């Protein structure tokens, strides 16, 4: 949909400021009541979800034009979707979609950010959103994993760029767990290509679509029906964005936490070793609120003063994100104590890495992560668990910067630890 | 940019470069106005310095917290966005007050207070707004409204003087805003009612009166937004919606409930507003409304009983039942459903916001036409009731959105006072706006000519002479405290 | 024509008095202000008279000092601070303008006393939120203007309560009405429309009434006031709680008000309670005082129209459980005092002689507002001051009144003395000066400064003084209204 299609929505922003805060009945005190990192750091209303809608409204009315400040506002947003959740508690309007479309429009109009341009230029040649060091499949050396391009498998484990090139341990943990569970899975190895999700977040829709088409072509060739990933960005890309552009077909997308829950419940994995940790769990934006399924809808506005459509439009309000599976998995680990933070699930505070901010404004990205570290520490937990390598990476950097004693793990690492020795050859 | 470089630099020296912006890129998010600069002060000292600067250069300024208001800010003016002033300074449980800066929201304050068994009043604009705001809201029957919850204040006058009112100025305590001698709280006015002194400088801190909270530290909720449900009704809490055969009976019940002091909250939502507030989408709202319309017999309100003991709870329920029987009230079965009751309870206590029924259910801009009047409830009902009859006639002619011709209101301070409101949205008919404006004018003139109330929507020059010439005294106050005319007047409703 | 002549035209010669005896009466009161003889006493009959008087005063720059209550006066606000003043005695304006059960409001002219208004409202089934035992001839309007503390803190939502609206003649001679009374229309026209003068806010978004309360007649002359009333209970059960530990009583007080369980609620020390209850002096006083612990909390539980017994029952039970947690015991009789008797007493004005004068013939008060947790240290300060000046601390009457639904505490020290004894008089004057300063330094908020300590109090807050002077210039540009009072 083009930006103009969202004019009706952006016109309806009433400047209530709910988008700045967690849903009001979830406000637990003076601390941790804000949900939007952008306005929390930069303070001017233009940085809030509502501020962005009002800016788009002005652009569509040709009352505002591009300048450096506008670009700064546009690109200092992690596209985390929290504003939309809070807004959509009360309002029936699209929030993230117009914000996302505006990012895309900026790129189309040549109003790009040099750091993001660099990343995308690299993507076009390397099929990776991160710097390429070594081979994409190096993480799998010695693991004897099946190749989806050659072997018949039921499940495609999609590692993603960050796991492939940097967070090898995550990819390796997942692979070992799938092996342990006897899953007939394979990887794409060198043939794996960036899902394009982060390119979309950055506003590069065309590049995203190019990646998406390449990926689906590969998958369709293999006949695979289930894709599992440990990266929330990849998860959201395949499950939501590919579906949005009618590319997903009937491919089933599971995040590793969803899959692990199934495997544990089916008895394919036994978590019997105690992991005596007091942990708190961070909901990745794209596994949580932005990970809920895409809703295909087309309709026309009904006459009258209410903004209603025929057929009725169902809004994605963050209600159906993946919140419980990771928690169920954590609760399956003997000895583990889970203490929740104040901002969780659909109103979780972003890790800071999304929307291209990690690349275009590392200082803001780390600031956001530091806020989350403080919140995690406030629970009394010593360990922060998440389900996305981008979140984990950003938290690690924030911890380094603050000197915090908090440890960060991906959920799969804890699951591996909970499996009896002898049941796995995973390192601790 | 709509501000000279020199003045911009002067302000920048006060707040730092990252806390001022005059770039046109941010203006759409600030009421789409050609503001000279948006400034983010961090404390009273900075506010004072900026206001003094505005006086020096004769530049208008305005201060906003979350800024949930339709406004046109004059070109080149200074907009004080008080976002950085977001601290709770003190909560004094023994003396039932909290000291807050302007950007502390009611939701934040209330959450902190709940931990201590305390509560604060929340305004109808919602708990995402400032906890300092003068206004009225759903809990007014037991938590009062307007400026009656403000105690001592730290106030930067329009001239840039810092005044610490009441006990704060004399003995550096926050518990009293009045004295020595006459109370300067009488000089600080509220926002946008047609006065010359509508914008009375900047309140940089205020002590707010608190109330007892008989409920839990946190409501136990389940589900995800937008479908939060209350897991269980807290002990000694009850919520019901009652409809009545007539407005008179409804008000009779409201008065009796107030006099008997049994209610924690009494809010006169009509069923359309009720439906909006308990529904997470417009479609669900309409479905609920269709069911509710079939059940109700006339106008109504919801009541929350919240007691401190089982005996008190039983007593309150017994009295409520008696009053409802006496006044022919009927409980809405839909709200007896625990799920709906829970949603309404949370809304009424933690959110108070009417965003769903004000903005979701309406054309962009919300309630543009109508009246909101605080004061003697029965005479306001008389006045607004007549306006509602004329509204119905216009609706029948297709000249206004069909909301059943309703108006509503609620009890304040155990029904000593009350708030009454009526809104009228345009229909698609091109003659509608003109018809509504005419309706609005007639309603305003009715109030004046029939000695019922002081209306909005008429010029001050017309209203003032009929109301003790207060406009003249307001102007004198303005001249005394705002000698350079640097404050900005914002009407709350158009037309 | 002289001013006197012109005044005679306005009010009629029978309402003027410049006899030496009368002028002497109005030149001083029981405060320590130096007597200054006024020029004339004038008794207006109605609003028009008042307005004409003020206009005339502006013409001739004649100071006007307003008084509404009958004597004795104590605080110095109703005696001149400058020469050539005309006393505007409103005590003859005695119209009870409205008593309205439905709207729970009453309205009267300044000459109406508590003795007159209390029974009048009771006949209609409503009651005033009273100060503690006002003089019978105390003006109700005067009390409201003074922001006197009231004994039912539950019903005091704001410090301006129970005042609703005011009718005023400003220092300029203009008529002004505050709150709902401002308009549109005259008072009578509003009544005809079904409107009453109840809502205090406005007109506009300014709460004007606040500028005239606590002003000691320096901003305008009130020609009437409306006040919020409460419903008469159908059942009342009063209690007394005695303790030598004030903090325990304060704890209970906090919860009684916080949980909205009681109507009347205040604390007295044994000196004051004995002074109030004693009939035969001095025997009763000493007997009662000796029978009482140092501190006594009084509260009253009430039922109204609906199931009053049930209401009283649950409230008494809930109070009992709070009291038990604190370790104190409510009772219906404490020493020689019956709670029921005390309730009867405090629901009326003081019998003559005024209760504060019964012990030694004269009394001066020191009163201020404070926080409950500061009371003990302020009491100690007062005791130290009393010792400094040889005043027996055990003779000090103490009255503690929670106000504004528990957000502040009025603390009052009643210093009884023999005004015929000049050394006692001097002692009291010095004690008051010294104690006021000490208390102020310890954080007591003198929100209503009177008498010879006014300057010291007002000078604490220069910016407030500056602002008040701006307001004064608006309402009384010629400074004819009670000049020399407060900071004017």
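Chains as they are written, first to last, in this note's numbering: chain A, 10 to 437; chain B, 182 to 676; chain C, 198 to 685. Virtual Cβ for every residue (Gly too), placed ideally from N, Cα, C. Fair warning: this is a prediction, and the values are worked out from it, not measured in the lab.
Residue(s) in a DSSP beta bridge with residue i
i	result
residue 607/C	566/C, 598/C
residue 310/A	318/A
residue 373/C	365/C
residue 395/A	419/A
residue 203/C	None; residue 203/C has no bridge partner.
Cα-Cα separation between residue i and residue j, rounded to whole angstroms
i	j	result
residue 672/C	residue 255/B	32 angstroms
residue 22/A	residue 613/B	23 angstroms
residue 387/C	residue 393/C	7 angstroms
residue 264/C	residue 344/C	16 angstroms
residue 265/B	residue 50/A	10 angstroms
residue 223/A	residue 332/A	30 angstroms
residue 345/A	residue 410/A	27 angstroms
residue 374/B	residue 552/B	Residue placement at residue 374/B cannot be trusted, given a pLDDT of 39 that sits under 50; the coordinates are not used to answer.
residue 334/B	residue 223/B	17 angstroms
residue 409/B	residue 106/A	24 angstroms
residue 279/C	residue 680/C	7 angstroms
residue 541/C	residue 436/B	29 angstroms
residue 419/A	residue 247/A	21 angstroms
residue 382/B	residue 658/C	19 angstroms
residue 583/B	residue 609/B	11 angstroms
residue 412/B	residue 654/C	55 angstroms
residue 508/B	residue 434/B	6 angstroms
residue 154/A	residue 196/A	7 angstroms
residue 271/C	residue 599/B	39 angstroms
residue 415/A	residue 393/A	7 angstroms
residue 199/C	residue 317/B	54 angstroms
residue 420/B	residue 475/B	20 angstroms
Start-to-end residues for the beta strand (DSSP E) that takes in residue i
i	result
residue 416/A	416-419
residue 264/A	261-264
residue 238/C	237-239
residue 357/B	First-last for residue 357/B: undefined, no H or E at that position.
residue 449/B	446-449
Top-ranked residue by Cα proximity to residue i, from the options
i	options	result
residue 630/C	226/C, 551/C, 293/C, 230/C	230/C
residue 84/A	274/A, 114/A, 73/A	114/A
residue 159/C	273/C, 322/C, 453/C, 399/C	The structure shown does not extend to residue 159/C, since chain C is modelled only from 198 through 685, so no value can be given for it.
residue 489/C	601/C, 535/C, 684/C, 510/C	535/C
residue 422/B	452/B, 396/B, 656/B	452/B
residue 543/C	349/C, 223/C, 276/C, 610/C	349/C
residue 554/C	205/C, 615/C, 499/C, 425/C	615/C
Start and end residues, alpha helix (DSSP H) containing residue i
i	result
residue 407/A	398-411
residue 375/A	371-387
Cβ separation of residue i and residue j, assumed to be a contact under 8 angstroms, to the nearest whole Å
i	j	result
residue 290/C	residue 243/C	7 angstroms
residue 543/B	residue 99/A	Actually they are not in contact, since the Cβ atoms of residue 543/B and residue 99/A sit about 12 angstroms apart, beyond 8 angstroms.
residue 332/B	residue 312/B	About 13 angstroms separates the two Cβ atoms, so there is no contact after all.
residue 390/A	residue 289/A	4 angstroms
residue 320/A	residue 176/A	No, residue 320/A and residue 176/A are not in contact; Cβ-Cβ is about 43 angstroms, not under 8 angstroms.
residue 286/C	residue 239/C	7 angstroms
residue 149/A	residue 190/A	Wrong, their Cβ atoms sit about 17 angstroms apart, outside the cutoff.
Interface residues of chain E facing residue i [CB-CB closer than 7 angstroms]
i	result
residue 563/B	Here chain E cannot be found, since the structure's protein chains are A, B and C.
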